[in-house]
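Asks: Chains as they are written, first to last, in our numbering: chain A, 333 to 685; chain B, 3 to 131; chain C, 15 to 203.
Glycine is no exception: its CB is placed at the ideal position from the N, C-alpha and C atoms.
Keep in mind it's a predicted model, so treat the numbers as computed, not measured.
1) Pair every Cβ in the segment 79 to 86 of chain C with every Cβ in the segment 135 to 145 of chain C, then say whether three or more of these pairs are closer than 8 Å.
2) Rounded to whole angstroms, what is the Cα-Cα separation between residue 357/A and residue 104/C?
3) Would the segment 103 to 118 of chain B count as touching the segment 533 to 540 of chain A if we require 3 or more Cβ pairs under 8 Å?
4) Using a Cβ-Cβ distance cut-off of 8 Å, determine whether residue 118/B contacts chain A.
5) I'd like to know if residue 54/B contacts chain C, where contact means its C-beta is closer than 8 Å to some C-beta of that chain.
6) At the 8 Å Cβ level, is residue 70/B part of the contact set with chain C, yes or no?
7) Check the Cβ of residue 18/B against every Cβ in chain C and list those closer than 9 Å, keeping chain order.
8) Measuring CA to CA, which of 388/A, 540/A, 491/A and 598/A is closest to residue 525/A?
9) Short of 6 Å in beta carbon distance, which residues of its chain neighbour residue 93/B, apart from the five on each side in sequence? Order them along the chain.
10) Spatial neighbours of residue 461/A within its chain, please: C-beta separation below 6 Å, excluding the five flanking residues on both sides.
11) Give me the DSSP bridge partner(s) of residue 554/A.
12) Hey, would you say residue 466/A sits closer than 8 Å to residue 129/B, going by beta carbons?
13) Does any C-beta atom of chain B lie closer than 8 Å to the C-beta of residue 664/A?
14) Of the residues 483/A, 454/A and 451/A, which one's Cα is nearest the Cα of residue 475/A?
15) Tell me whether residue 66/C sits in a helix, a strand or coil according to DSSP, three-state version.
16) Using 8 Å for Cβ pairs, my map puts residue 444/A next to residue 631/A. What's the rounded Cβ distance?
17) In chain order, what are the residue ranges of uninterrupted beta strand (DSSP E) at least 3 long that sit wholly in the segment 61 to 128 of chain B?
18) Tell me the DSSP secondary structure of residue 582/A in three-state form.
19) Among residues of its own chain, excluding the 5 on either side of residue 360/A, which ones have a beta-carbon nearer than 7 Å to its beta-carbon?
20) Compare the C-beta of residue 101/B with all C-beta atoms of chain C and state if any pair is closer than 8 Å.
21) Which runs of the beta strand (DSSP E) at least 3 residues long sit entirely within the segment 370 to 443 of chain A? Give them in chain order.
22) Can you find at least 3 beta carbon pairs, one from the segment 608 to 620 of chain A and one from the segment 429 to 439 of chain A, that sit closer than 8 Å?
23) Looking only at C-alpha atoms, which of 490/A, 568/A and 565/A sits nearest to residue 505/A?
24) Note down, in chain order, each residue of its chain lying with its Cβ closer than 7 Å to the Cβ of residue 69/C, except the 5 sequence neighbours on either side.
25) So which residues of chain C does residue 3/B contact, with C-beta pairs closer than 8 Å?
26) Taking 8 Å as the CB-CB limit, is residue 38/B close to chain C?
27) Contact check, residue 123/C vs residue 166/C under 8 Å by CB: the rounded distance?
28) Could you give the distance in angstroms between the alpha-carbon of residue 423/A and the alpha-carbon of residue 457/A?
29) Count the CB pairs spanning the segment 143 to 163 of chain C and the segment 17 to 25 of chain B that are closer than 8 Å, and state whether there are at least three.
30) Tell whether a beta-carbon distance below 8 Å holds between residue 567/A and residue 479/A.
31) In angstroms, rounded to a whole number, what distance separates the CA positions of residue 670/A and residue 574/A?
32) For chain B, check one thing: does any of its Cβ atoms lie closer than 8 Å to the Cβ of residue 596/A?
33) Using a C-beta cutoff of 8 Å, does residue 358/A count as contacting chain B?
34) Chain C partners of residue 21/B, CB-CB under 8 Å?
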């Protein structure tokens, strides 16, 4: 009796204490919190942050970051030793054999160049170099120079040989620019790596390209804000989208730009005019493939609300939000219920313009 | 009582008065923000949230907890628990709350009504831009 | 009666008293509209057990009292039960620690006040866990203040009870009694 006493006591205590642990909402009571890992690095001209939750979160984040670095190195057009630079250096000379990653992304980019009727064009590099937005100082090229550069932009002259896995630009002076796709592709790759490590809840922020993986650790969907392109009118955010396993990519005229003579010159060119696109100030794509969303946000930006949203609807399985130069918000119909508009009303006036 | 007893009494009294003073100071320093939000939680989950100014005097909101419906009622820029299915009615005795940081808590019905200064500081996890 | 039987009898008596006080206190309305602000009548029994016997006996009496009291009060496994349990376990832990660490510097009054504070703190912690909200700590200063008179009152009462109902247990259960003012003596009944 004396010996069994303590054991009975312990048993009774355990039963009492455990009965307090009935399932509550995913939260703290009785639950071991998931390990969190977060890492921020500067690459691809932007800040990349990966936040992941899971038993192997730290290792997952490190490996995902390494994968993004690898992709960034392949596709950096400003690094003369990158694959993309080698393609550009050999324009009009010879095909260049590339990695599977570069080839796959170029194929995707070419497909959407065609689908968008050239509104997105992966061979836009001559225009990017000419304008040098963010590198040159408030430089507006003359019409003849723009015309010369524009003539070198044509996705049809990008020859992809699937069997040999080679890439060839037909004319000298042409150039590939994956600035509108590489961040998305890198985010997709990082997501794959996280998933391989058993991460089921993570946030990849590749300079504003967001991959919301799974749900938040508290069981709620991630809440992803869409930046208000004119924060002086109505605050920092335009809207919030509850997101589960979604990627959100936005193209805006506010990222790299200069204003000369009251005109805003930004970094998203309409390959058909050779000048910064004018029909949109912000375009967001919500989908499940970040490279695709990255490319399409540029296409949508260039095409404008009407043609752009028509293209998005035609492609299917995608949602989109566009802000017009009048600061009107237009979105695909499915999104209207989910989009939480947080921009303060009365913010659409002309003041400060 | 021993000297140690007295010491304990004094320390506890000091702690109590100190925390009262702290609360008083915080309250005195607080300006009522125009966009004060009433947040209603059950089991730690936000079930309702609205601007304090939006709740007109006499207007009621119901919230369902494990014991039944708790009813909150609005006043002139303030709220209180009007009725509650809990046995002790501590939440009703709390009276009006109006300042950010104040809360009405009903432990038996798992209901918390509290006031925040504005929309939760970070209502999003990341921003696409 | 043999020592063991006598001890068992008195412990049972303490559990019974505690249970009655526990149930009785549940009938009282909340004092001053404070959650968990109770006189802590049942704590009286905890104090007595602690003074008369040792830590093991105290834990037994406390846990049995909470279980039986909740069973009879009809609150078993409800919110109230978890609050009581948290309060009882928390205060017992603190009071036993106070006895051990105090090494005779504290009387029953000081121990009782510490127990009352711990009781209220544990209840607040449990309550904030149950509702998953820290807003309830708003009541902390009130409850600290409230713990003073209740703890004092219960401590004085326990001392009075011990005067007419002198402690002892088996001689040497406490060699030198760790609570000031409590002199171990053999049961003289």
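Replies: According to the data block:
1) Contact between the segment 79 to 86 of chain C and the segment 135 to 145 of chain C is absent, because fewer than three Cβ pairs lie under 8 Å.
2) Here residue 357/A is taken as the residue at index 25 of the first chain, counted from 1. Here residue 104/C is taken as the residue at index 90 of the third chain, counted from 1. Annotation note: pLDDT 35 at residue 357/A (below 50); position unreliable, no value reported.
3) No contact exists between the segment 103 to 118 of chain B and the segment 533 to 540 of chain A.
4) Walking along the second chain from the start, residue 118/B turns up at place 116. Closer than 8 Å to the CB of residue 118/B there is not a single CB belonging to chain A.
5) Counted from its first residue, the second chain places residue 54/B at position 52. Not a single C-beta of chain C is nearer than 8 Å to the C-beta of residue 54/B.
6) Position 68 of the second chain, counted from the start, is the residue given in the question as residue 70/B. Chain C contact via Cβ: absent.
7) Indexing the second chain from 1 puts residue 18/B at position 16. Near residue 18/B (Cβ distances below 9 Å), the residues of chain C are 154, 155, 156, 157, 158, 159, 160, 161 and 162.
8) Looking up residue 525/A in the first chain gives position 193. With distances taken between Cα atoms, residue 525/A lies closest to 388/A.
9) For the purposes of this step, residue 93/B is identified with residue 91 of the second chain, where counting begins at 1. Once the five neighbours on either side are set aside, the close Cβ partners of residue 93/B are 83, 86, 106 and 108.
10) For this step, residue 461/A is matched to residue 129 along the first chain. Correct list: empty, nothing qualifies.
11) For the purposes of this step, residue 554/A is taken as residue 222 along the first chain, with counting starting at 1. In the DSSP output, where bridge partners are listed per residue, residue 554/A has 575/A.
12) Here the question's residue 466/A lines up with position 134 in the first chain. Here the question's residue 129/B lines up with position 127 in the second chain. No. Outside cutoff.
13) Mapped onto the first chain, residue 664/A falls at position 332. With a threshold of 8 Å between beta carbons, residue 664/A makes no contact with chain B.
14) Within the first chain, the letter at position 143 stands for residue 475/A. Closest by alpha carbon: 483/A.
15) Stepping through the third chain from its first residue, residue 66/C is reached at position 52. In this structure, residue 66/C counts as helix in the three-state DSSP scheme.
16) Working through the first chain from its first residue, we reach residue 444/A at position 112. Working through the first chain from its first residue, we reach residue 631/A at position 299. Between residue 444/A and residue 631/A a beta carbon distance of about 6 Å is seen, short of the 8 Å cut, so the two are scored as contacting.
17) Counting only runs of 3 or more, we get 62 to 67, 70 to 76, 81 to 85, 105 to 108 and 113 to 118.
18) Here residue 582/A refers to the residue found at position 250 of the first chain. In this structure, residue 582/A counts as strand in the three-state DSSP scheme.
19) Residue 360/A sits at position 28 when you count from the first residue of the first chain. Because the pLDDT of residue 360/A is 34, which lies under 50, any placement of that residue in the model is unreliable, and the question is left without a value.
20) As a first step, residue 101/B must be located in the second chain, where it is residue number 99. For residue 101/B, the answer is no, since every Cβ of chain C falls outside 8 Å of its Cβ.
21) Counting whole runs of 3 or more residues, the segment 370 to 443 of chain A contains the beta strand (DSSP E) stretches 378 to 385.
22) Contact fails: fewer than three Cβ-Cβ distances are below 8 Å.
23) For this step, residue 505/A is matched to residue 173 along the first chain. Of the candidates 490/A, 568/A and 565/A, the one whose C-alpha sits nearest the C-alpha of residue 505/A is 490/A.
24) Locating residue 69/C in the third chain gives position 55, where the first residue counts as 1. 110.
25) What you label residue 3/B is simply residue 1 of the second chain in a count that begins at 1. Per Cβ cutoff of 8 Å: 121, 123 and 124.
26) One-based indexing of the second chain puts residue 38/B at position 36. When Cβ-Cβ separations below 8 Å define contact, residue 38/B makes no contact with chain C.
27) In the third chain, residue 123/C corresponds to position 109, counting from 1. In the third chain, residue 166/C corresponds to position 152, counting from 1. 6 Å between Cβ atoms; contact.
28) Indexing the first chain from 1 puts residue 423/A at position 91. Indexing the first chain from 1 puts residue 457/A at position 125. In a straight line, the C-alpha of residue 423/A is about 12 Å away from that of residue 457/A.
29) They touch, by the three-pair rule.
30) Your numbering for residue 567/A matches position 235 in the first chain. Your numbering for residue 479/A matches position 147 in the first chain. Using a Cβ distance threshold of 8 Å, residue 567/A and residue 479/A do not count as a contacting pair.
31) Here residue 670/A refers to the residue found at position 338 of the first chain. Here residue 574/A refers to the residue found at position 242 of the first chain. C-alpha separation (whole angstroms): 7 Å.
32) Within the first chain, numbered from 1, the residue matching residue 596/A stands at position 264. For residue 596/A, no CB of chain B lies under 8 Å from its own CB, so it is not counted at the interface with that chain.
33) Stepping through the first chain from its first residue, residue 358/A is reached at position 26. Any reading at residue 358/A must be qualified, since the residue scores a pLDDT of 35, below 50, and its modelled position is unreliable; no value is offered.
34) Translated into the one-based positions of the second chain, residue 21/B becomes position 19. Within chain C, the residues near residue 21/B are 154, 155 and 158.
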